[in-house]
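To convert, note that position 747 of the sequence shown is 751 in our numbering; the numbers rise steadily by one, no gaps. Cβ atoms here follow ideal geometry from the backbone N, Cα and C, with glycine treated the same way. Some notes on the structure that comes next.
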Amino acid sequence: MDLSSIRKLITRYCTGEESWVDSRTVYIGQKEPPPGTEAYIPQRFPDNRIVSSKYTFWNFIPKNLFEQFRRIANFYFLIIFLVQLIIDTPTSPTTSGLPLFFVITVTAIKQGYEDWIRHKADNAINQCPVHVIQHGKVVRKQSQRLRVGDIVQVKENETFPCDLILLSTSREDGTCFVTTASLDGESSHKTYYAVQDTKAFNTAEEVDTLHATIECEQPQPDLYKFVGRINIYLDREEPIARPLGSENLLLRGATLKNTEYVHAVAIYTGMETKMALNYQSKSQKRSAVEKSMNAYLIVYLCILISKALINTVLKYAWQANPNRDEPWYNQKTETERQRHVLIRAFTDFLAFMVLFNYIIPVSMYVTVEMQKFLGSYFILWDDDMFDEELGEGPLVNTSDLNEELGQVEYVFTDKTGTLTENNMELRECCVDGHVYVPHAICNGQILPGAAEMDMIDSSPGVDGKEREELFFRALCLCHTVQVKEEETVDGIKRGIHQGKSTSFYISSSPDEVALVEGMKRLGFTYLRLKDSHMEILNREDEMERFELLEVLNFDSVRRRMSVIVRSSSGEYYLFCKGADSSVFPRVVSGKVEQVRARVEQNAVEGLRTLCVAYKKLTHEEYVETCHLLNRAKLALQDRDKKLAEAYDVIEKDFILLGATAVEDRLQDKAADTIESLHKAGMKVWVLTGDKMETAAATCYASKLFHRNTQILELTTKRTEEQSLHDVLFDLSRTVLRQHGSMTRDTFSGLSGDYQDYGLIIDGATLSAVLKPPQEGTSNGGNYKEIFLEICRNCSAVLCCRMAPLQKAQIVKMIKTSKERPITLAIGDGANDVSMILEAHVGIGIMGKEGRQAARNSDYAITKFKHLKKMLLVHGHYYYIRIAELVQYFFYKNVCFIFPQFLYQFFCGFSQQPLYDTAYLTLYNISFTSLPILLYSLMEQHINMDILKRDPTLYRDIAKNSLLRWPTFIYWTFLGVFDALVFFFGAFFLFDNTTFTSNGQMFGNWTFGTLVFTVLVFTVTLKLALDTHYWTWINHFVIWGSLLFYVIFSLLWGGIIWPFLNYQRMYYVFMQMLSSGPAWLSIILLIIVSLLPDVVKKVLCRALWPTTTERIQNADKLYKGHLSEFTPLSSLHAPPVRKHDRQGNENQNHTHRRSDSSPPNKLMCTYWGGRSDYCTFSSLLRIGENTRFSGAAYAYSTPGPETSV
């Protein structure tokens, strides 16, 4: 082993890489390293093709068929079809094969089209031109032909074709500006840095002379993490090693801005780029409706098997009598007689399974898929949810969960950027107890806001003046803000210091921009970063230059950032800003108590606070700091951990300077949205990383907490005073004191009889609560259950100081609790992705923290206020539509097949079909499919405006109420009743078989056709009776379907078709219609079939109406104009307290009865504290200006039916 290899091993060991694994070596420009330096081992890497498609031309058919037949329903029908082909069955294989082929074909076309779109997008990306440097020249080639190690030239506004390490730029300081909007949605300009030793290689010829290798980690999906180092071979023997981090890595999909060109080397290509690795397939979410469908399917499968078994047993019982065996003209062959009885019985069982298999609705699945896919466009087309400012509307990333939007019970929301605008503005700063308000500045003169700020404020002395200016300088220097210059007339770029300001600040953090702009209003202006020097303009308009030596970047664990700078006089400063909880413990001097008091007061007002501190460094301390940081930065293994340890050593012994308070305004209509969600019966939890006081103030402003809400705290401060066990049991006793073990799900929060509770918990305490019990402890395992019990009895919960993983843990805890509630998570930042993926429904907000939340969500909206319409209107409609679709499909198939079952009792269990093959095949495909599909897309049982105005209507469909077992059993028995009417009605009317005037007798095909005709008309008219929202499309489809059935039957039986071997339906339909009694029986049987359901609905609406039905009655009474009046909250009974309920009743009734105006109000009476409808004389007085406070109706007593 030569000396260079030994030195290399020693270097690797010294830099902390004992375990040298999971790394790759990239040779820049595909050049071998100089001889004697290291062994040249070429590695194979993938090309730069991106493949997002699932199929190819060759594997589409087998792969798609495999995926489709993995679905249990498709596989079942495939088995039935194969059974029909193998054994002698009573129905043609076409009757099962054609519907199955239709379903498979429609699904394959849909999936094939979607994949074709993906292929087009892939080709557009893979064939776009890129510029590569080869032999000192710029060569153009397709993106897919790029290889790892190629040096790429990218120009301004071009997109990076793969993951690149920045070598040099057109800017002298070696920096470039990049937007990552397509990756995380952040439109702000981020700064990236070239390697210091290569930034001078500016031309293609110079870059081509570079000899270097890059050692880096294997591809990782984390967009914000990269570990590597570059070895540059100059004239000397030893290479220069420099660390590489995420600040040197240009990601595929990002766009170059404000920089003429850059040169960079490809290190990850194709499907190994970070963007491609983030094409993760999210776990499949299944809605409650889909689970109900599968449960119903199992029930119907059991019914099918029972029917087949009963018929098989009865067939052999019937044929046990020799006189009832096969008739003489249909004698069995000897071979059949000699077969074993079990084999014959099994064959008959399969034949009966085939005969009755239509009770399982295969077409229901394709109809549900089409309904979900087409229905999702109603969200995309909703103009009310379009944001003019962003120029974007909502997005639907998956349509599988549309109906789940109507079943939400828990809403978990982020605070910053979700409830608030994430539009920061500096409200004040506090320096040693002196308060400065940027808005109180006049001509650069600072006006201390002492008197009105409740602070003992005196004019700062000489020392105070120095500290004040040091504080302002700290905020001008401790940041990662960039200055964006706008071009003025004649293309001349002007800076802030040159005449009129035409520049503005850009940063990935809105807080930093707010602080730098606030300092500008206070007299200190940050100008630019030039040649590693930060330039600021002080209050006397003098430029100050500080050399930027090190940046200790912010991270969510430390919750602070620092910079090390050197002033023009040679002094070294370390400035730090961060959360109070991460700065105060590291402070050794300064007016800590005064600043802490001010920070706490600002937090209570809902302001975001940051503390600022500093310390001076000697030259020796700076050198030691640099050595510590460089050693950590050069590590390839555990670099983040080593950097964190280095930061912990460096960031201590601070002198506190002061604090800042930044305001983040509440989003428009955020409070109204939360209040509506509460009224709809949903519980809202706020999960945030902010401190408790700031988050609590936001919760009060957004009406999550009310002034009469009793706040329960489960925080670190309290658990330090008391054990966690005692605190939990105290809180549990408090919330259960009034109503024992009954939860607030049983009671309503709007009732005045019960105290309203709100819970606040922080991240540290939550970790202790969720911690698994230790062995030997008796009570540790109960903490989680006690905590859940407390939460169930609180109307709102605030979780502060939450890490992203803790947000997901909370969602999972509620999701898997014994009630199994439907959860929804909404957020706008990358830290919300984990809870969005964990919840049943994830909604991302396209905000200022990027698009990662929107990309990983099921749905994306532009503002929090749009959640109200998405749940209360779209979710409500989706659920009632698909619930009717599922129940209706099972109902119409029971009506279809049960007469076939009854028919076997009259044909000696001979497996004779009742219906013709064409009718069996087309019943679910053509005759009855379109009306229910259109119903499931168009139905509006209540006007859209009413659903928005009265959120309590959402409670009527809660907990999957329309797909519960009693409802399912009712629909099934209704189908059985209708089937009995069809069959026995036609049977008794056929008792006299000479129906026709010429004495001809009707046969079995006429009997079956009569039953089928009544069946088609009854199930279609049943849907028409259930339709509340009629349009010309409904009329066209419903009456058109019936007309199509008649025309088809006339053509099918009226023409001799040459492709049919025999035509048993010839002239059957026309002969049936020529008989007057047949017409009478059709009309009579349809009326008798529909009558019970109509009577039941009329009686229920009259005697036990639901809230929804009351609103429907009122809306019909006023001809659809109900929604044009005052909000429907005015129809609710006012909240009445126990001690004055009787007085209020009398007063209300007296007032209403003595009203001399025309009767324009809805009359109500009270029964045990609940309101009920008496008369609908009129709902509201037109033009009446009476308004009710929305806050008073945040909760309502549910009782048997929620009252309106």
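Considering only E264, I884, K278 and E793, the residue with the shortest C-alpha distance to E943 is I884. Only buried fits Y414, as 16 or more other CB atoms lie within 10 angstroms of its CB. K646 and L255 have their C-alpha atoms roughly 25 angstroms apart.
The beta-carbon distance between T263 and E160, rounded to whole angstroms, is 6 angstroms. This is short enough to meet the 8 angstroms contact definition.
Across the structure, T98 and P825 are spaced so that their CA atoms are roughly 44 angstroms apart. Leaving aside the five residues that flank L670 on each side, the residues in its chain whose CB is nearer than 8 angstroms to its CB run, in chain order, L423, T424, E425, T702, A705 and S706. Assigned with DSSP and collapsed to three states, H710 falls in coil, not helix or strand. Under the three-state reduction of DSSP, R175 is assigned to coil, being neither helix nor strand. Taking one beta carbon from each stretch, the region 195 to 210 and the region 546 to 560 have fewer than 3 pairs nearer than 8 angstroms; the two do not touch. Note: T720 is not bridge-paired with any residue in the DSSP secondary-structure output. The beta carbon of Y626 is closer than 6 angstroms to those of Y576 in its chain, skipping five residues each way along the sequence.
For H631, the enclosing alpha helix (DSSP H) covers residues H623 to L638.
Residue nearest to H215 within the set D535, K35 and G610 is K35 (criterion: CA-CA distance). L906 is positioned such that its CB atom lies no closer than 8 angstroms to that of N1038.
Here the alpha carbon of V156 sits roughly 6 angstroms from the alpha carbon of H135.
When the beta-carbon positions are compared, V731 and L763 stay at least 8 angstroms from each other.
Per DSSP, T529 is one residue of the beta strand (DSSP E) stretching across T529 to K534. For A768, the enclosing alpha helix (DSSP H) starts and ends at G767 to L774. Scanning its chain for C-beta atoms nearer than 8 angstroms, with the 5 sequence neighbours on each side dropped, one finds around P903 the residues L918, A983, F986, F987, V1015 and L1019, in chain order. The C-beta distance from L871 to I830 rounds to 6 angstroms, short enough to meet the 8 angstroms contact threshold.
Its Cα nearest to that of L660, the residue R471 stands out among V1023, P365, K867 and R471. Residue range V596 to V608 is occupied by the alpha helix (DSSP H) that includes R602. For E548, the enclosing beta strand (DSSP E) starts and ends at M547 to L556.
Residue environment analysis places R290 among the exposed positions, since fewer than 16 neighbouring C-beta atoms fall within 10 angstroms of its C-beta. For Y883, the uninterrupted alpha helix (DSSP H) segment begins and ends at H880 to Y907. The count of Cβ pairs closer than 8 angstroms, one atom from the region 626 to 645 and one from the region 591 to 611, stays below three, leaving the stretches out of contact. Here N235 really is in contact with P243; their C-beta atoms are around 4 angstroms apart, less than 8 angstroms. P935 is positioned such that its CB atom lies no closer than 8 angstroms to that of V1098.
Between L150 and T273, the C-beta gap is smaller than 8 angstroms, which places the two residues in contact. Within 10 angstroms of the beta-carbon of V592 lie fewer than 16 other beta-carbons, which makes it exposed. A distance below 8 angstroms between beta-carbons, with the five flanking residues on each side excluded, links L281 to the following residues of its chain, in chain order: P223, Q224, P225 and M275.
Within the same chain, D760 come within 7 angstroms of N712 by CB-CB distance, once the 5 residues on both sides are set aside. Secondary structure note for L1014: its alpha helix (DSSP H) is the uninterrupted segment N1008 to D1030. In chain order, Q157, V158, K159, E160, T173 and S174 place their CB closer than 8 angstroms to the CB of Y265, counting only its own chain and leaving out the 5 sequence neighbours on each side. The region 62 to 79 and the region 108 to 126 touch, with three or more beta-carbon pairs separated by less than 8 angstroms. Taking C-beta atoms under 8 angstroms as the contact rule, C798 and V739 qualify, at a distance of about 7 angstroms.
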